[in-house]
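Working notes, beginning with the structure itself.
Protein chains: 4
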Amino acid sequence: MVRNLVYAVSRLPAGGHHAVCRSRQGGMTLADKFTLSEIYQKGEPGLRAAGYARTLPPDAASGTPLAANRAYLDSLFFTPRFLSAVKADCSSAILGTPVKVPVFCGPMGGWSNLGDTALVETCRGLKAAGAMMTLGIGGSDDVQKAVDTGVPVAKIVKPYRNTDLIFQKLEDAERRGCVAVGMDIDHFLGRLVGDTVDLDDTFAPQSEETMRQAIAHTKLPFIIKGVLGVDDARKAVDLGASAVVVSNHGKASLESATPAVVALPEVVGAVGHQVEVYVDTGFRTGSDIVKAFAMGAKAVGFANSILIAWGAGREEGVRQFVELLGAEMRRTMSALGCADCASLVDVKLQRIVT
Amino acid sequence: MVRNLVYAVSRLPAGGHHAVCRSRQGGMTLADKFTLSEIYQKGEPGLRAAGYARTLPPDAASGTPLAANRAYLDSLFFTPRFLSAVKADCSSAILGTPVKVPVFCGPMGGWSNLGDTALVETCRGLKAAGAMMTLGIGGSDDVQKAVDTGVPVAKIVKPYRNTDLIFQKLEDAERRGCVAVGMDIDHFLGRLVGDTVDLDDTFAPQSEETMRQAIAHTKLPFIIKGVLGVDDARKAVDLGASAVVVSNHGKASLESATPAVVALPEVVGAVGHQVEVYVDTGFRTGSDIVKAFAMGAKAVGFANSILIAWGAGREEGVRQFVELLGAEMRRTMSALGCADCASLVDVKLQRIVT
Amino acid sequence: MVRNLVYAVSRLPAGGHHAVCRSRQGGMTLADKFTLSEIYQKGEPGLRAAGYARTLPPDAASGTPLAANRAYLDSLFFTPRFLSAVKADCSSAILGTPVKVPVFCGPMGGWSNLGDTALVETCRGLKAAGAMMTLGIGGSDDVQKAVDTGVPVAKIVKPYRNTDLIFQKLEDAERRGCVAVGMDIDHFLGRLVGDTVDLDDTFAPQSEETMRQAIAHTKLPFIIKGVLGVDDARKAVDLGASAVVVSNHGKASLESATPAVVALPEVVGAVGHQVEVYVDTGFRTGSDIVKAFAMGAKAVGFANSILIAWGAGREEGVRQFVELLGAEMRRTMSALGCADCASLVDVKLQRIVT
Amino acid sequence: MVRNLVYAVSRLPAGGHHAVCRSRQGGMTLADKFTLSEIYQKGEPGLRAAGYARTLPPDAASGTPLAANRAYLDSLFFTPRFLSAVKADCSSAILGTPVKVPVFCGPMGGWSNLGDTALVETCRGLKAAGAMMTLGIGGSDDVQKAVDTGVPVAKIVKPYRNTDLIFQKLEDAERRGCVAVGMDIDHFLGRLVGDTVDLDDTFAPQSEETMRQAIAHTKLPFIIKGVLGVDDARKAVDLGASAVVVSNHGKASLESATPAVVALPEVVGAVGHQVEVYVDTGFRTGSDIVKAFAMGAKAVGFANSILIAWGAGREEGVRQFVELLGAEMRRTMSALGCADCASLVDVKLQRIVT
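So the protein lines, in turn, are chains A, B, C and D.
Counting from 1, position 353 in the first sequence corresponds to residue 353 in this note's numbering; the numbering is continuous, with no gaps.
Counting from 1, position 81 in the second sequence corresponds to residue 1081 in this note's numbering; the numbering is continuous, with no gaps.
Counting from 1, position 69 in the third sequence corresponds to residue 2069 in this note's numbering; the numbering is continuous, with no gaps.
Counting from 1, position 97 in the fourth sequence corresponds to residue 3097 in this note's numbering; the numbering is continuous, with no gaps.
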């Protein structure tokens, strides 16, 4: 099954693969199959060609926790149990919504900068692969377009200084058929772009009362994103959240904040028995997802990686990317003797610093 | 509030920002706003153009503790509490003198090498931003010029072999209106420039008797700078000092001496209840200051960074630099749920080595 | 004895050594003697010239445990006891078969891609040096050719989805005179080539019943290769294996699996009193072998290194390579005061992370 | 006093310094004064110009403990006590022979390859600076030349397979006026040059009986060099040695042997109360010597560094090098509040891994 997804590069005539892609104006047909590393290598040029201008992490800004996060993840190892290999199924559910791969596309704005169809193509790719979409900043149009593709959509509302906007957007998301809503609390104080703080006049810290009202205001499950410690995790549960996302928000949250991978087991230990805990920040492979689940996560977010996958092959690139994540998850789970995602929490990770 | 200080580079026409600066002969108007990383990138050329010839750390000299100091600082992380975000105020006091940002410019000599106005421009920038100036080697003229700008000035006297000079300079500083005096004991044995010892014929270790007399000789609070361990910290308190600065003196103190960041919590633990403890060496950002306060510091010194800020924009560069430090401090404090500097001491730092 | 194996480079006319080799069309006479580092430097070009196209590890694929494995091995140090130096003998036995050097060539396929004689030349080199050959994927012809050289051969059968093939190949190996058989369980789920999974339609996880039958089916001792933890080790013993190989299968097993060097002492602790434990993955020198024995290994596998040695000098390159490993082993053992391989298990390794 | 030894580079006309040296055919007058880092930078070309062909460590051979040794040394920090600064005297004694700086030139052979006068120039430089000379492989002529300069000389005899040679050389050394003799036991098994073993037909492990006889054969104190652990240290004491040198013999001893800096405190703990313990391997500065003394060493050997110093300035280069080591020692000792070498053992080192 795994093999169907990949064309070993060595089986293609040298150079020909690239040439074919280019002759189709950067497009891609179903006949083109990639590996994860090929998607990572080829996607960014495609993304740039489509007009994407922001820096992709990791960047060189001093003090951001991204490098530590990735290095920490790379220092974690698991122990195969080949003689107990089982057929593995990586399907799961995110807040009750079934997913074939326990992955969501992180909430990003500015889809229209990538052309009229980028958002819809991404949603279709996610739907085909069985993952979830989340939306961040952006209007009702984006929500409608995304929902219309049939992919399950969660809308992560920004912490607007104008709290009316929050309630309007929550209502809008519910009305248009989102499966969940939420808020990224790590933008209470604006967004870091490099070391510039941006949008801090538009966003603002929300009072406990507002948060409680917002969560009560919707029938949908509410996700609090940007939790990096036990205090925020416990408060999120107390406020009525159904799930938390442990996240450094790419590099847009706070310099020198605990790396998400380090925070994850602490948050799971504190509230994992009460709410679903997800994680994002720097995850790139199916093995990475398995590590997150071993630390108690119930889903993993990919943001820049999915943009890159879209850059590599539009809808098809996104679909293949998520399916490759799933395939690698299943192979790893099989090797660990874990038949399903629930059993991954028993996998012991060993940290090796060299 | 933060946003007023910065122009996101991406909003400027490509290349235009630099061009404008250059067309003003390296000058700068109030309309030019920078981020911290822009100041760090642009300041050094400006400083060099003004004739600054010394090496800026870090340098390659073997065994200096600067690299370890910076790496240690970068390995410290804190845990945001966004759901407990508060409006933060980073104003404080240094030995009773109010500061808007708990920052002082480290004592440096040779201001006249940078032209007639560099010292005054720096002092004005510090005053505008609400920080403190300290002066090191240099004469009465420099003290007078600095005090005349209205910035609070502390004079850190050198440990002259000719002890009369020490007493004269203390008297002079007091007479001209400094708010504090002090001595950098890490120059008892001369100054390291690379691995050359310099000025060891001019400076000398001071006896306990001389130190005690010097401290008693002035009505001003006395700061002992260059403390790196518990012994010196306790002795400083016993001699009558009101504050100590934990410091590697840039790279000019002693090879393989404890990095200041490592020494800081030990010194605070020993004497933090008796005197104010400050720190310098390798600090660059507002997040760094927050870490220092979490370890018990009451102010942080910046020396080369302020020279660089001056290089980037003269008085305005210095003002913006300190205000950016303050803005980053406040944003970080808000995210940590700390309304004021005093509460930062309860922030727990987590060391992550990868 | 050591010295007979090596020509110090400095004793050769500058450049002449290389020139001579090249004038013989990449061939080599018995007069050419190399050091280990020369073999490593010169072998790869020779191997490439013979048509070898696959990547030699370490590669850049994210998450593979090879770099951690090598770094961990390099962080282990032993304490010489020169004043207790003894004459050392590194001969040993692998499953009862005597070896002059406790080394085996790891099971590799595709020998015919290197020409008609590569397999036989390698076997002859191993035989001359007193090591063991193992064969992986490949047919009866290869087994016969290898056995005919007189080198002891172990056949490591692949975990074919078609289990009949397994039994046929075990029988064939026994009939043709192999000294042992085995299976690499880390290919239950196909082979990793970079991040592509290959041959997963041909291989498959084997049931406990099949494994037990296969092991019972042959009179030869059975080696289970690809063990990386206590679970698989214990299960291997329970199934009737006579030996296990702790291995990451180069980089072809599983991303982020425990590095073999880290797993080795755990596996030895669990089953070392019941079966022989071998190790491979990233070993390069005689000192490395000594470390493996200090952790309880009874033999060490070299795969790519032996290909490289063949590239450096065909049969003679392989022979010299293994003899150099033995010579370095003996010198190290002498310095540690260990007369034989059995006593190496008392050597204490000290891990130093810098 | 320190300052007299150094000319800050910045005070010289740009480029002129180099030019002057070169115009004197690589020679040097007393007017040229260097810093340690200048000697390290400039010495190697001079050494090469004089015909020195061997690799200077660190080299790239895999597994040698030199890099770990240096990294470990660099991870050690001490805590200044400036307020307890004292005038420091770094003079000491090596086996009863007074030295102004507790440094010896490590035993090296092949002096005649550097010309007729290199050995004598080096000895004179050492004598002028108040350090000790040791000789390794080489004949009576070298011993006589060295002794005739007036420098104290210790002869470290090789562990000749022909034991008569050992006794002859011990007698010769005593007769010609050496102050001590010894043997480098880490050459029992030949010398590593890269990964080539050299001279293993000339040298051989010595029996306990031979060692005991050799030590008893001379009236001079006997130094056992190449100890890296407690076993050899205790045995050396039992055999009658007066001192041991903890050493990796540059890179010529044994791959993956405990780094000397790691072994030093263990050896001191075991036998430091019975014999003098010295150390070499990778030491470069006066601060490094202070660290060695803080770990209990009574002298530090420099080999390649002294060759480089000779390359930088012949006799004068060696003299300046050792005096700079002494000056840096004294400055560091003063800052640590240690008046003499004996008190350095109370200095606490802090290991900081970043």
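Where is the CB? At the ideal position from N, CA and C, for every residue including glycine.
On a predicted model such as this, the values are computed, not experimentally measured, just so you know.
- The continuous stretches of beta strand (DSSP E) do not include Phe1034 (chain B), and DSSP gives it neither H nor E.
- The beta carbon of Val2353 (chain C) sits closer than 8 Å to some beta carbon of chain D.
- Residue contact with chain B for Pro259 (chain A): present (Cβ-Cβ distance below 8 Å to some residue of chain B).
- Taking 4 residues as the minimum length, the alpha helix (DSSP H) runs contained wholly in the stretch 2130-2155 of chain C are 2140-2148, in order along the chain.
- Each residue's CA atom was taken as its position, placing Ala1327 (chain B) and Val1181 (chain B) some 29 Å apart.
- If the five residues before and after Asp1200 (chain B) are omitted, its C-beta is found closer than 7 Å to the C-beta atoms of Leu1189, Gly1190, all from its own chain and listed in chain order.
- Sequence-ordered contacts of the stretch 2074-2101 of chain C with chain D read Asp2074, Ser2075, Leu2076, Phe2077, Phe2078, Thr2079, Pro2080, Arg2081, Phe2082, Leu2083, Ser2084, Ala2085, Val2086, Lys2087 [C-beta pairs closer than 9 Å].
- The C-beta of Ser1037 (chain B) comes closer than 8 Å to at least one C-beta of chain A.
- Taking 8 Å as the threshold, the shortest C-beta distance from Phe2222 (chain C) to chain A does not fall below it.
- Interface residue (Cβ-Cβ distance to chain D less than 8 Å): Arg2331 (chain C) is classified as such.
- The beta-carbon separation of Ala1260 (chain B) and Val1246 (chain B), rounded to 5 Å, stays under the 8 Å limit for a contact.
- Within chain A, no residue has its beta carbon less than 9 Å from that of Gln1320 (chain B); the closest one is some 13 Å off.
- Rounded to whole angstroms, Leu2228 (chain C) and Gly250 (chain A) show a C-alpha spacing of 34 Å.
- With respect to Lys3298 (chain D), Thr3079 (chain D) sits apart: the two C-beta atoms are not nearer than 8 Å.
- Lys42 (chain A) counts as buried, since no fewer than 16 other beta carbons sit within 10 angstroms of its beta carbon.
- In this structure, DSSP gives Leu3324 (chain D) a helical state, which the three-state scheme calls helix.
- Identification of residues in the stretch 2291-2314 of chain C having a C-beta nearer than 8 Å to some C-beta of chain D yields Lys2291, given in sequence order.
- For Pro2265 (chain C), no chain A residue has a Cβ inside 8 Å of its Cβ, as the nearest lies near 13 Å away.
- The beta carbon of Asn3304 (chain D) sits closer than 6 Å to the beta carbons of Leu3056 from its chain, once the five residues preceding and following it are set aside; these are given in chain order.
- Closest in alpha carbon position to Gly3317 (chain D), among D:Ala3068, D:Cys3123, D:Thr3281, is D:Cys3123.
- A direct Cα-to-Cα measurement between Ala2049 (chain C) and Trp2310 (chain C) gives close to 12 Å.
- The residue among C:Glu2276, C:Lys2291, C:Gln2274, C:Val2275 with its C-alpha nearest the C-alpha of Gly2282 (chain C) is C:Lys2291.
- Annotation: Ile223 (chain A) is outside any alpha helix (DSSP H); the continuous beta strand (DSSP E) that includes it extends over 222-227.
- Within 8 Å of the CB of Gln2350 (chain C), the CB atoms of chain D belong to Thr3258, Val3262, in sequence order along the chain.
- Interface criterion not met: the Cβ of Tyr160 (chain A) is under 8 Å from no Cβ in chain B.
- Chain-order list of chain B residues neighbouring Thr210 (chain A): empty, with the shortest C-beta distance near 11 Å, by a criterion of under 8 Å.
- Bounds of the beta strand (DSSP E) holding Tyr278 (chain A) are 276-279.
- The straight-line gap separating the alpha-carbon atoms of Gly301 (chain A) and Asp280 (chain A) is approximately 5 Å.
- Judged by DSSP in its simplified three-state form, Pro2265 (chain C) adopts helix.
- Taken residue by residue, none of the stretch 1152-1182 of chain B has a beta-carbon sitting less than 7 Å from a beta-carbon on chain D.
- At a cut-off of 8 Å between beta-carbon atoms, Ala1335 (chain B) makes contact with chain A.
- In the displayed model, Cys123 (chain A) falls within a helix according to three-state DSSP.
- In terms of CA proximity to Glu2276 (chain C), C:Ser2242 leads the group C:Leu2307, C:Thr2285, C:Ser2242, C:Glu2266.
- Annotation: the continuous alpha helix (DSSP H) that includes Asp1231 (chain B) extends over 1230-1239.
- Against chain C, the CB of Ser287 (chain A) has a partner CB under 8 Å away; the residue lies at that interface.
- Inclusion of Leu2135 (chain C) and Asn2248 (chain C) in the CB contact set at 8 Å is not warranted, their separation being larger than that value.
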